[in-house]
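Here this note's numbering runs 3 ahead of the position in the sequence shown, where the first position is 1. Remarks on the structure that follows.
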Amino acid sequence: MTSQQTIEMQETMHILAEYILRQPCTSNREKWLKGQISELLTSNNNVLFYAQRYEDEYEYAGVANPYLVEMLKAYDDSVGG
Numbered sequence: 004m005t006s007q008q009t010i011e012m013q014e015t016m017h018i019l020a021e022y023i024l025r026q027p028c029t030s031n032r033e034k035w036l037k038g039q040i041s042e043l044l045t046s047n048n049n050v051l052f053y054a055q056r057y058e059d060e061y062e063y064a065g066v067a068n069p070y071l072v073e074m075l076k077a078y079d080d081s082v083g084g
């Protein structure tokens, strides 16, 4: 896992947390829970955990270009890899 992949995961998790926080609340409980979830999403330990897990589960995680990912998948399918 490279530092660039960690930074990208951190940015993605911050975007998700911001999206959650921008949703309207109908109760204080929802407001509190949104804050808790956002804190969990943006904590450094969770960012590192999910960045590693993404790399482990997604075989093309190191490829930044979606077009190249499709090309690699097609090649792997054609050679049986």
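All C-beta atoms, glycine included, are put in the ideal place defined by N, C-alpha and C. No experiment lies behind these values; they were computed from the predicted model shown.
Distance between Y61 and G83 (C-alpha atoms, nearest Å): Counted from its first residue, the sequence shown places residue 83 at position 80. Counted from its first residue, the sequence shown places residue 61 at position 58. Within the model, the alpha-carbon separation for G83 versus Y61 is close to 18 angstroms.
Counting C-beta neighbours from all protein chains within 10 Å, is the total for L71 16 or more, i.e. buried, or is it exposed? Taking the first residue of the sequence shown as position 1, residue 71 is located at position 68. Exposed, since its Cβ has fewer than 16 Cβ neighbours within 10 Å.
Note down, in chain order, each residue of its chain lying with its Cβ closer than 8 angstroms to the Cβ of M16, except the 5 sequence neighbours on either side. Here the question's residue 16 lines up with position 13 in the sequence shown. Cβ within range, chain order: L44, T45, N49, V50, Y53.
Residues near T9 in its chain [Cβ-Cβ closer than 8 angstroms; skip 5 each side]: Stepping through the sequence shown from its first residue, residue 9 is reached at position 6. Cβ neighbours of T9 within its own chain (closer than 8 angstroms, five residues either side excluded): V50, L51, A54.
By the three-class DSSP mapping on this structure, what secondary structure does P27 have? Reading the sequence shown from its first residue, position 24 is the one you call residue 27. Looking at P27 - three-state DSSP - the assignment turns out to be coil, as it is neither helix nor strand.
Does the Cβ of L19 lie closer than 7 angstroms to at least one heavy atom of the ligand GDP? Absence of the ligand GDP is noted for the structure shown, with no ligands found whatsoever.
Could you check whether M12 and Y57 sit closer than 8 angstroms to each other, using their CB atoms as the reference points? The sequence position of residue 57 within the sequence shown is 54, counting from 1. The sequence position of residue 12 within the sequence shown is 9, counting from 1. Contact flag set, yes.
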